[in-house]
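Top to bottom, those sequences are chains V, S, U and C. Heads up: the first sequence begins at 1 in our numbering, then just goes up one per residue. Heads up: the second sequence begins at 1001 in our numbering, then just goes up one per residue. Heads up: the third sequence begins at 2001 in our numbering, then just goes up one per residue. Heads up: the fourth sequence begins at 3001 in our numbering, then just goes up one per residue. C-beta atoms are modelled at their ideal positions from N, C-alpha and C, and glycine is treated no differently. Computed from a predicted model, the values in this text were never measured in an experiment. The block underneath contains the structure these notes are about, expressed in structure tokens.
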Amino acid sequence: MSYTDLSVNIGKLHLKNPVLLASGTVGYGNEISKFTDLSKIGGIVTKSLSLKPRKGNPPQRIVETPSGMLNAIGLANVGVEAFIKEKIPFLKELNTTIICNIAASSIEEYVECTKILNPVDTINAFEINVSCPNVKEGGLIFGNDLNSVGRITEMVRSATNKPLIIKLSPNVSRISEFARIVKEEGGDAVSAINTLVGTSFDIWTRKPKIKNVTGGLSGPAIKPVALAKVLEIKRNVDIPIIGIGGIMNWMDTVEFMIAGATAVQLGTVNFINPNAGVEIVEGLHSYCEKQSIQKLSDLIGSFQL
Amino acid sequence: MSYTDLSVNIGKLHLKNPVLLASGTVGYGNEISKFTDLSKIGGIVTKSLSLKPRKGNPPQRIVETPSGMLNAIGLANVGVEAFIKEKIPFLKELNTTIICNIAASSIEEYVECTKILNPVDTINAFEINVSCPNVKEGGLIFGNDLNSVGRITEMVRSATNKPLIIKLSPNVSRISEFARIVKEEGGDAVSAINTLVGTSFDIWTRKPKIKNVTGGLSGPAIKPVALAKVLEIKRNVDIPIIGIGGIMNWMDTVEFMIAGATAVQLGTVNFINPNAGVEIVEGLHSYCEKQSIQKLSDLIGSFQL
Amino acid sequence: MYIEKSRVEWIKNLLPDTFLLRVYSPLIASKIKPGQFCNIKVSESDFPLLRRPFSICEVDGEFLHFMFDVHGEGTKILSNKQKDDVIDILGPLGNGFNYSGDYSTAIIAAGGIGIAPFPYLIQKLADDKKVISFFGGRSKNNVIEYGMKNLLISTDDGSIGFKGNVVQLIESQYSQFRNESVRIFACGPNPMLKALQEFSIKNNIECQISTESAMACGFGICQGCPIDNADGDGYYLICKDGPVFDAKMVRL
Amino acid sequence: MYIEKSRVEWIKNLLPDTFLLRVYSPLIASKIKPGQFCNIKVSESDFPLLRRPFSICEVDGEFLHFMFDVHGEGTKILSNKQKDDVIDILGPLGNGFNYSGDYSTAIIAAGGIGIAPFPYLIQKLADDKKVISFFGGRSKNNVIEYGMKNLLISTDDGSIGFKGNVVQLIESQYSQFRNESVRIFACGPNPMLKALQEFSIKNNIECQISTESAMACGFGICQGCPIDNADGDGYYLICKDGPVFDAKMVRL
Ligand SMILES: Cc1cc2nc3c(=O)[nH]c(=O)nc-3n(C[C@H](O)[C@H](O)[C@H](O)COP(=O)(O)OP(=O)(O)OC[C@H]3O[C@@H](n4cnc5c(N)ncnc54)[C@H](O)[C@@H]3O)c2cc1C
Ligand SMILES: Cc1cc2nc3c(=O)[nH]c(=O)nc-3n(C[C@H](O)[C@H](O)[C@H](O)COP(=O)(O)OP(=O)(O)OC[C@H]3O[C@@H](n4cnc5c(N)ncnc54)[C@H](O)[C@@H]3O)c2cc1C
Ligand SMILES: Cc1cc2nc3c(=O)[nH]c(=O)nc-3n(C[C@H](O)[C@H](O)[C@H](O)COP(=O)(O)O)c2cc1C
Ligand SMILES: Cc1cc2nc3c(=O)[nH]c(=O)nc-3n(C[C@H](O)[C@H](O)[C@H](O)COP(=O)(O)O)c2cc1C
Ligand code: FES
Ligand code: FES
Chain V
1 MSYTDLSVNI GKLHLKNPVL LASGTVGYGN EISKFTDLSK IGGIVTKSLS
51 LKPRKGNPPQ RIVETPSGML NAIGLANVGV EAFIKEKIPF LKELNTTIIC
101 NIAASSIEEY VECTKILNPV DTINAFEINV SCPNVKEGGL IFGNDLNSVG
151 RITEMVRSAT NKPLIIKLSP NVSRISEFAR IVKEEGGDAV SAINTLVGTS
201 FDIWTRKPKI KNVTGGLSGP AIKPVALAKV LEIKRNVDIP IIGIGGIMNW
251 MDTVEFMIAG ATAVQLGTVN FINPNAGVEI VEGLHSYCEK QSIQKLSDLI
301 GSFQL
Chain S
1001 MSYTDLSVNI GKLHLKNPVL LASGTVGYGN EISKFTDLSK IGGIVTKSLS
1051 LKPRKGNPPQ RIVETPSGML NAIGLANVGV EAFIKEKIPF LKELNTTIIC
1101 NIAASSIEEY VECTKILNPV DTINAFEINV SCPNVKEGGL IFGNDLNSVG
1151 RITEMVRSAT NKPLIIKLSP NVSRISEFAR IVKEEGGDAV SAINTLVGTS
1201 FDIWTRKPKI KNVTGGLSGP AIKPVALAKV LEIKRNVDIP IIGIGGIMNW
1251 MDTVEFMIAG ATAVQLGTVN FINPNAGVEI VEGLHSYCEK QSIQKLSDLI
1301 GSFQL
Chain U
2001 MYIEKSRVEW IKNLLPDTFL LRVYSPLIAS KIKPGQFCNI KVSESDFPLL
2051 RRPFSICEVD GEFLHFMFDV HGEGTKILSN KQKDDVIDIL GPLGNGFNYS
2101 GDYSTAIIAA GGIGIAPFPY LIQKLADDKK VISFFGGRSK NNVIEYGMKN
2151 LLISTDDGSI GFKGNVVQLI ESQYSQFRNE SVRIFACGPN PMLKALQEFS
2201 IKNNIECQIS TESAMACGFG ICQGCPIDNA DGDGYYLICK DGPVFDAKMV
2251 RL
Chain C
3001 MYIEKSRVEW IKNLLPDTFL LRVYSPLIAS KIKPGQFCNI KVSESDFPLL
3051 RRPFSICEVD GEFLHFMFDV HGEGTKILSN KQKDDVIDIL GPLGNGFNYS
3101 GDYSTAIIAA GGIGIAPFPY LIQKLADDKK VISFFGGRSK NNVIEYGMKN
3151 LLISTDDGSI GFKGNVVQLI ESQYSQFRNE SVRIFACGPN PMLKALQEFS
3201 IKNNIECQIS TESAMACGFG ICQGCPIDNA DGDGYYLICK DGPVFDAKMV
3251 RL
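What follows is the structure in structure tokens.
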């Protein structure tokens, strides 16, 4: 292997390489660690946490679609308290960056979660999920409302000095406007994208295949959309971008970085190849060698139009 | 074959069956007629027309993606005049419903095109493309702006008494708001969806694979998104919906009708199987027989939540 | 748990749409227990995207056997595999049947392709256990007897064996083993499992059921495979906490 | 134009990554002309989504031959076809070479897999035409001679034949046919076609080039395959107006 420098910085957050595992697709790290060496990747983003535990949506929660899948897990999670008690001890030993993802039903809940989690040393950064399409408390989907996203960023910012990443919804006309308000309100980076709203029906029963009716579309099917969103942000707002959506291999990772991503997250691919993260890190090394790239970070936003 | 009634009505437009071929994926009918009997399907929607001919975007215009494709044709078309002179005579003989699609760069151009085309008997209805993501004159993408869509509907409505269908952009947060304004301004139906904005890069040259940088994503990859948009409109606005996006076969067609579509349009599938329309009509017949459905239109919006 | 690239040794038909697949998979073979499953990538490309879960049917030294029905595109691709093709298998996954302990008679209850996990279970059952197997199918053309012991058959149309479903057949035979200490092992469609759950609870018989659900990962990271716990106030994950549950633990 | 489900008769290697495929396709065989192409669905499923365009390589009675390089996923799938597999072929498409008329010598210029359309063209050329074929490849391991006549070879590394590219080779041989009435038929990578275009225009030689582009439909409905016309004020569609153009008609 070469000595290429794969490290990247997301604001003040230093990652040894740009490969993160996405929230909701790696649990709290323990199950996937049986298949892969988490110390070799850039970091993991924990399943979205809420203040209280959530049991999530009734089955059926997932369905396969052409080159993708729909999910409506409903943010099933153990809640912040159990997370600190039961999950942090394991995460602490992983020797990788831990980004804690928070999803809440109100601005107050976001702030409260952040305050409780902030003192935990093991947590290196926060990712705020304003964009989960599968929970509807309060009726409002924050992620599609510019003011809400601004306000959440501002309030959470005032609750922590750790790197703050806002995970954006793709289900909007101009995602760059959301990135801009994140930047203005002091966020350090944006993650793009969360899942696209989708659905699917059984033509014999006429019932939705997913009990929640709609779910979030992920996987290779959405990669072109995700890339376009990353590119749109890159061309309009000066803020680090974590690219997400349909990444299956190192080629996809390079593509996202060319389009403007500083780092990437792997979601659906973890279900199919839980060792994908490590394989991608290896693939990035040999790509850089072939292309005589000394610092992988030179690739970020290096598109030639 | 059974005697199931496959006919549907889109406002005052009567279709012998709900299978239409989508704009931009059937040209002006002549090439595809070598592979399929256009008199057996519900109708065809012509390639988007503008006032003057457009040569379209430079190559590369298309690229395959997982279960989908990106295109940036740039609305290459012969212009309304040549259309009337050169294309109408062929369309006239087809014995199927002809829906004329118009795309323009200004509200005035929409109205002008409609006025010129309105007297042509062969044209049974208009579909207004407010949502092509691949042309940018004026900088504004009409389709993502509620006021523009309302205004275009209003103005074109006043220029024709023929059935008026507005083809909506999926690249918005709440597509049903656009459907609502179409209804309020006198549109007879909405088509949903046009393509999603996407892109793709070559990782060796770092150039976009599509010269236009971004393109429109179509094909099975977008089907779950399209279905969710149709469902959203159906649950919120009382207007006929023409469902489009990733339909490959009769099962997909049934799925769209269950989700709320009165008719459907086939796009990308025509490139792969130019006889798909006729095969779908046959498939609908046997589905109805198996399910003892006497009138296919009973299926519309028959989802069981 | 391993991700093992496994060479196909052979594949053969048991019925026109039911296959038995033999693969060389020494790592998984050395660890897997009856009732556990593997998540199989049926193609080298990204299509179909997700793995497909299959119960372990039999272990023969360093070889695994899977028994499967052609259902949709994924199982069709799997059925077209040929000798020396390599498939990517992730496993062993889930818990298995708990077949040790103090009972005299093992009742096997299989509905259709639900028979898949039982050849291995029967192999592993201690010699001192009596085994009675029940198989329920639609008609005599759907009957699978592979790897069964003391087999009684029911068919919906009565074209062979008992006319009715497999739970009715078991009930009709209940007097036979009423006074023995029995443990039921069941796998099949949900309505069957439900009927058996009621039957076993009513008669206070130990009963283990192998459940199914759509799955993405198969090992606990996607949360895609919930099943109601008995109280209905929370979920188990079928892939991690199951697929085998004590019938009293879950709400079907 | 037909959509013909065509049975594979055989497939064989010409080079490790170059294949010759023989399919039974009587309808298309009865109509197709040299330089035309077919759009082939390489799998029964929706993956890969689009058809793949291939030039007609040879027609043998009711059989079609295609010659292709494994390039990506689609051609890999095609290369794995076996006898009696059925593939769905749409064709004939495009125009072909115009090889009739008043010239004495046909110069064939093939770059790599660009040789594919020429066996059929050579078959069809009238007996009174003299044929000189030129093939350019990277090295001696990439040379294809299938179906050629009076073949001269160039390789980039000089490992066999002329050292240099195929256009340089043709130029070096130009004195040979300078005084004959010549028509060039060319297919290969764009830089090669461009060099040949210049050469032919400069020397006032008739030259027909077979061009390529990403394609969705292959028959004129998607507008996905434009090529600049010579004036640069409009496009031709490669699938419909081409793939063969007079070198003077297009801007490469
Ligand atoms: C723990 C477990 C063990 C299983 N063991 C066996 C076995 O030994 N033999 C056997 O024949 N089948 C078994 N199944 C069912 C088998 O996984 C499905 O038949 C198979 O996934 C269908 O895939 P397909 O692509 O052919 O069908 P498609 O319908 O095309 O699949 C579409 C999607 O639905 C999912 N799906 C469809 N049916 C089922 C189902 N019944 N259960 C779970 N997911 C489904 C698929 O995984 C896929 O994601 C088992 C399922 C589970 C959960
Ligand atoms: C008119 C015409 C005739 C052709 N004749 C032959 C032939 O006889 N033999 C042969 O080996 N090849 C031929 N090609 C090229 C052949 O179509 C591509 O190599 C093939 O499509 C690659 O598919 P893939 O899935 O293996 O590659 P991938 O790179 O995985 O394909 C991805 C996409 O890019 C497109 N694509 C990739 N390369 C090309 C290319 N060079 N030209 C057009 N589209 C491309 C594919 O169609 C597909 O949509 C021809 C192309 C055209 C346009
Ligand atoms: C099963 C599943 C569960 C997910 N749960 C969460 C979650 O809890 N919080 C979150 O921010 N994103 C969640 N996501 C979204 C992913 O983190 C990611 O943004 C998305 O899947 C797109 O990436 P992919 O195409 O690589 O999967 C989930 C995705 C999947 C498939
Ligand atoms: C190559 C191509 C060209 C298109 N051109 C037009 C167009 O001119 N006008 C229009 O309204 N839609 C156009 N569309 C969009 C289609 O009509 C359709 O809305 C879209 O492709 C989604 O359907 P599909 O997934 O079935 O292809 C085009 C789509 C493709 C793929
Ligand atoms: S299948 Fe992923 S958690 Fe069970
Ligand atoms: S490939 Fe569709 S028009 Fe040429």
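Contact annotation, Glu31 (chain V) with Ile2221 (chain U): C-beta distance approximately 5 Å; criterion of less than 8 Å satisfied.
Shown in chain order are the members of the region 3047-3078 of chain C whose Cβ falls below 7 Å from a Cβ of chain U: Phe3047, Glu3073. Excluding its 5 nearest sequence neighbours in each direction, Pro3048 (chain C) has C-beta neighbours in its own chain below 8 Å: Val3042, Glu3073, Gly3074, Ile3077, listed in chain order. Scanning chain U for C-beta atoms nearer than 9 Å to the C-beta of Ser3181 (chain C) yields nothing, as the closest lies near 51 Å away.
Secondary structure note for Leu3237 (chain C): its beta strand (DSSP E) is the uninterrupted segment 3235-3237. Collapsing the DSSP output to three states places Glu2206 (chain U) in a strand. Here Leu1038 (chain S) really is in contact with Thr1096 (chain S); their C-beta atoms are around 5 Å apart, less than 8 Å. About 14 Å separates the beta carbons of Phe2135 (chain U) and Leu2121 (chain U), which is beyond the 8 Å limit, so they are not a contact pair. Between the region 261-278 of chain V and the region 107-119 of chain V there are fewer than three inter-stretch CB-CB distances shorter than 8 Å, so the stretches are not counted as touching. One finds nothing in chain U with a Cβ atom closer than 8 Å to the Cβ of Pro163 (chain V); even the nearest lies about 24 Å away. In this structure, DSSP gives Val1130 (chain S) a state outside helix and strand, which the three-state scheme calls coil. Residue environment analysis places Arg1061 (chain S) among the buried positions, since at least 16 neighbouring C-beta atoms fall within 10 angstroms of its C-beta. Assignment of Leu284 (chain V) by DSSP, reduced to helix, strand and coil, places it in the helix class. Around the beta carbon of Ala1082 (chain S), fewer than 16 other beta carbons lie within 10 angstroms, which makes this residue exposed. Between Val3167 (chain C) and Thr3105 (chain C) the beta-carbon gap is near 17 Å, outside 8 Å, which marks them as no contact. For Pro2053 (chain U), the number of other beta carbons within 10 angstroms of its own is at least 16, and it is reported as buried.
If only complete runs of 4 or more residues are kept, the region 167-245 of chain V shows the alpha helix (DSSP H) at 175-184, 223-236, in order along the chain.
DSSP places Pro3119 (chain C) in the uninterrupted alpha helix (DSSP H) bounded by 3118-3124. Taking C-beta atoms as the reference points, Val269 (chain V) and Ile247 (chain V) count as a pair closer than 8 Å.
Contact between the region 3199-3206 of chain C and the region 3231-3241 of chain C is absent: fewer than 3 CB-CB pairs across the two stretches fall below 8 Å. In this structure, Ala22 (chain V) has its CB closer than 7 Å to one or more heavy atoms of ligand 3. In the displayed model, Pro163 (chain V) falls within coil according to three-state DSSP, outside both helix and strand.
According to DSSP, residue pairing for Asn77 (chain V) in a beta bridge involves V:Arg54. Uninterrupted beta strand (DSSP E) stretches at least 3 residues long and entirely within the region 1068-1116 of chain S occur at 1068-1071, 1097-1102, given in chain order.
Assignment of Phe35 (chain V) by DSSP, reduced to helix, strand and coil, places it in the coil class.
Three or more beta-carbon pairs separated by less than 8 Å link the region 181-197 of chain V to the region 144-153 of chain V, which places the two stretches in contact. A Cβ-Cβ distance of about 4 Å is found for the pair Ala2116 (chain U) and Met2067 (chain U), placing them in contact under the 8 Å criterion. Residue contact check for Met1155 (chain S) against chain V: no CB pair falls below 8 Å.
Proximity of chain U to Lys34 (chain V) at the Cβ level (cut-off 8 Å) is accounted for by Met2001, Phe2219, in chain order.
Ligand 5 approaches Gly2218 (chain U) closely enough that one of its heavy atoms is under 7 Å from the residue's Cβ.
As DSSP reads the structure, Lys295 (chain V) sits in a beta bridge with V:Asp5. Residues of chain S whose Cβ lies closer than 9 Å to the Cβ of Ile247 (chain V) do not exist; the shortest such Cβ separation is about 11 Å.
Of all residues in the region 270-291 of chain V, only Asn270, Phe271, Ile272, Asn273, Pro274, Asn275 come within less than 9 Å of chain U when Cβ atoms are compared, listed by chain position. Look at Ser2025 (chain U): its C-beta is not under 8 Å from any C-beta on chain C. Beta bridge pairing from DSSP links Phe2054 (chain U) with U:Cys2038.
Taking C-beta atoms under 8 Å as the contact rule, Lys1211 (chain S) and Pro1059 (chain S) qualify, at a distance of about 6 Å.
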